[in-house]
Structures are given as structure tokens and as C-alpha cells.
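Participant:
Residue numbers (mature numbering (1 follows the signal peptide of the UniProt record, and there is no 0)): -33 to -1, 1 to 258.
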């Protein structure tokens, strides 16, 4: 009887070893640890702020995100260059004040820069006139933890182009319409190279735009069509807080949403960041990207 018990213990131990070996050879469950997270943000930092208030807002949004699209910061380009170098961030702010206004920053610890560019959209009233020229700026990064490419596109549309979702019949509105279409075309182009995020102050209220549904404004251009297409934080997770500019939700973070079987990056939630000195609140979206 004693021998049988000893033999059974040895057999069970050997069996356990075989099971452990087989388990070690099997691939890990995809959902177990295949995804890594990062945060992407947008903030319009009013260009009339004092230097101290500007630095406050910059540090605030940088403390909440890993990728950031900024608006109205072209007159701070020299400062941003030194700030980025001192704090471990990449900076893309091409050209002069207007073009550099839609700057993009990213943490060097999380991203490598692969390529970047800027697309001129329109100059509504001519050089040097108000509103100034508009550009769609972009940077293609390699997300270091996942090894995947992520292109971040950033823009700032002209103001006073809609009332309750209805377009104003003005040259500036036609400029914005061209910019929205340009953003969509740029996102379509870049999605073949990897994942795509679009951010910026678009000066169109989300709920009013969706309700009215003007064909050349962001809801219809970016979101109303079937997948694959852009999807915003508000579309996916509703309008949080009282707004990003007064009671309007006009600052957006989008990503390129594909059919489920082809989706490698997801927006999983977002927050509105208050406490800014600017007349805008920030938006920070959390992303999960597959290794």
C-alpha cells in the first residue's frame, strides 16, 4: 500500500510538470496583456494670456497626457522649443506664427518622431488679415511600447461660423468647410500608415451640429458615415461637464475607427480638464493600443 501511494505521488508530480511545460509553450491569451495605454489631449491656450498663465496651462495639460495638440500658441514658439527640450517632449511647430499655432507635443519617453508635415488650407481675407491663415499640422510617431505608428493631426478652425449648428454665410465659414474636408482627407491618407488621432478647436458645438446636421460640418464630414471613419470623444462617451468653451463642446479628440476585426487602437474614455487660465477647457482621451 505504501509503494502505491509513493508511486502515485511521483506520477502526479510528473504529470504536473508536463502540464506546466505545455502551458508555457502555448501563446498568451490576447486580452491578458496585449494592450498598452496612453493619453492624447487638446487645449486651446488663448494667445492673450500672460506668460505665467500660459505656462500654468501648458504644464497642466502636459501633466495629464502623453500627446497634446495645442492651439493659438504660435507666438510662444521660442518658449515652447526650450520648454520641450528641458522637459523631455518633442515639439512640432512649423513655420511662422499662424502655422506654428497648431503645435503638437509628445513625450520622448513614449514616442519617436518618424515624419511630420503641414498642409495650408486657406487665408480667408488675405495675408495679414483677420482671421489668419489656417493649417492642418501632423506628426507621425512610433509608439515605443507597442511598436505601432500613430499619426496625430491637429487643427484650429475659424470662429463664428455657426449658430445652433446652422452655418453662417461668410467667407470664414467656407474656409472652415475646406479645413474640415482637408482634415478628413488627411486622416484617410494617414490611416494606411497606422493609427490616426485628430484633435483641435473646431468652433462647432457637437450637439448642435449633430442635431442640425449641416453636410459640410464635422458631424457629417467625420462621424455620420459608416465605418471606417473618424469618431469623437463626444460621440463615443457623451458630453461631459458644462462645455469646453462656455457651454459649448467645441474642442475635440477623434480617432480612426475601423471595422472591429481590423481595430488595433481604441478610445476607452475621456475627461474634460478644467482649471485652465485660458477661455477653453482641455480634453484628454485615453487610448488602448495593441502590441
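The beta carbon of each residue, even a glycine, is placed where N, CA and C say it ideally should be.
1) Taking the alpha helix (DSSP H) that residue 108 belongs to, which residues open and close that run?
2) With 16 as the cutoff for other CB atoms within 10 Å, does residue 139 come out buried or exposed?
3) Can you tell me which of 191, 9, 116 and 205 puts its alpha carbon nearest to the alpha carbon of residue 77?
4) Under three-state DSSP, which class holds residue 129?
5) Assuming residue 146 is part of the alpha helix (DSSP H), what are its boundary residues?
6) Going by DSSP, which residues form a beta bridge with residue 83?
7) I want to know whether the region 113 to 127 touches the region 93 to 105 - three or more CB-CB distances under 8 Å.
8) Would you kindly report the start and end of the unbroken alpha helix (DSSP H) that includes residue 219?
9) At what residue ranges does the region 14 to 55 contain a whole run of the beta strand (DSSP E), taking only runs of 3 or more?
10) So, helix, strand or coil for residue 94, using DSSP?
11) Specify whether the region 159 to 173 and the region 219 to 234 touch according to this definition: at least 3 beta carbon pairs, one from each stretch, less than 8 Å apart.
12) Starting from residue 260, trace the beta strand (DSSP E) in both directions and tell me its first and last residue.
13) Smallest Cα separation from residue 254: which of 203, 210 and 218?
14) Label residue 218 either buried or exposed according to how many other C-beta atoms from any shown protein chain fall within 10 Å of its C-beta, with 16 as the threshold for buried.
15) By alpha-carbon positions, which one of 206, 221 and 13 ends up nearest to residue 154?
16) Here's a check: name, in chain order, each residue in its chain whose Cβ is nearer than 6 Å to the Cβ of residue 238, leaving out the five neighbours to either side.
17) Give the single residue among 93, 226 and 31 whose Cα lies nearest to the Cα of residue 193.
18) Is it the case that the region 11 to 23 contacts the region 36 to 51, given that we only count it when at least three CB pairs across the two stretches are under 8 Å?
19) With residue 172 as the anchor, note down where its alpha helix (DSSP H) starts and where it stops.
20) Name, in chain order, the residues that DSSP records as bridge partners for residue 6.
21) Does DSSP classify residue 231 as helix, strand or coil?
22) Going by the CB atoms, is the gap between residue 242 and residue 178 shorter than 8 Å?
23) On the three-state DSSP scale, how would you describe residue 178?
24) On the premise that residue 170 lies in contact with residue 100, defined as a C-beta separation below 8 Å, what is that separation, rounded to the nearest angstrom?
Facilitator: Taking the structure as given:
1) To locate residue 108, count along the chain shown from 1; it is residue 141. Not the alpha helix (DSSP H): residue 108 falls in the beta strand (DSSP E), residues 101 to 110.
2) Translated into the one-based positions of the chain shown, residue 139 becomes position 172. Looking at its Cβ environment, which holds 16 or more other Cβ atoms inside 10 Å, residue 139 is buried.
3) Here residue 77 is taken as the residue at index 110 of the chain shown, counted from 1. Comparing Cα positions, the closest option is 116.
4) Translated into positions along the chain shown, residue 129 becomes position 162. In the structure shown, residue 129 sits in a strand (DSSP, three-state: E or B).
5) As a position in the chain shown, residue 146 is number 179, starting the count at 1. It spans 138 to 157 - the alpha helix (DSSP H) in which residue 146 sits, taken as one unbroken run.
6) Locating residue 83 in the chain shown gives position 116, counting from the first residue. Answer by DSSP bridge pairing, in chain order: 106.
7) yes
8) Numbered from its first residue, the chain shown carries residue 219 at position 252. Element bounds for residue 219: not the alpha helix (DSSP H) but the beta strand (DSSP E), 218 to 224.
9) 34 to 38
10) The residue labelled residue 94 in the question sits at position 127 within the chain shown. Residue 94 falls in the coil class under three-state DSSP.
11) yes
12) In this structure the chain extends from -33 to 258, so residue 260 is not present and cannot be described.
13) The sequence position of residue 254 within the chain shown is 287, counting from 1. It is 203.
14) The residue given as residue 218 occupies position 251 in the chain shown. The residue in question, residue 218, is buried, as its Cβ has 16 or more Cβ neighbours within 10 Å.
15) For this step, residue 154 is matched to residue 187 along the chain shown. The residue with the shortest Cα to Cα distance from residue 154 is 221.
16) Residue numbering aside, residue 238 sits at position 271 when the chain shown is read from its first letter. Excluding residues within five positions, the ones whose Cβ falls inside 6 Å are 251.
17) Position 226 of the chain shown, counting from 1, holds the residue named residue 193. Minimum Cα distance to residue 193 is reached at 226.
18) yes
19) As a first step, residue 172 must be located in the chain shown, where it is residue number 205. It is not in any alpha helix (DSSP H) - residue 172 carries neither H nor E in the DSSP assignment.
20) Sequence index remark: in the chain shown, residue 6 carries index 39 (1-based). For residue 6, which the question treats as bridged, DSSP gives the partners 253.
21) Mapped onto the chain shown, residue 231 falls at position 264. Three-state DSSP puts residue 231 in coil, outside helix and strand.
22) By one-based count along the chain shown, residue 178 stands at place 211. By one-based count along the chain shown, residue 242 stands at place 275. For residue 178 and residue 242, no; Cβs fall outside 8 Å.
23) Looking up residue 178 in the chain shown gives position 211. Of the three classes helix, strand and coil, the one that applies to residue 178 here is helix, per DSSP.
24) By one-based count along the chain shown, residue 100 stands at place 133. By one-based count along the chain shown, residue 170 stands at place 203. The pair is not a contact, with the Cβ atoms about 16 Å apart (cut-off 8 Å).
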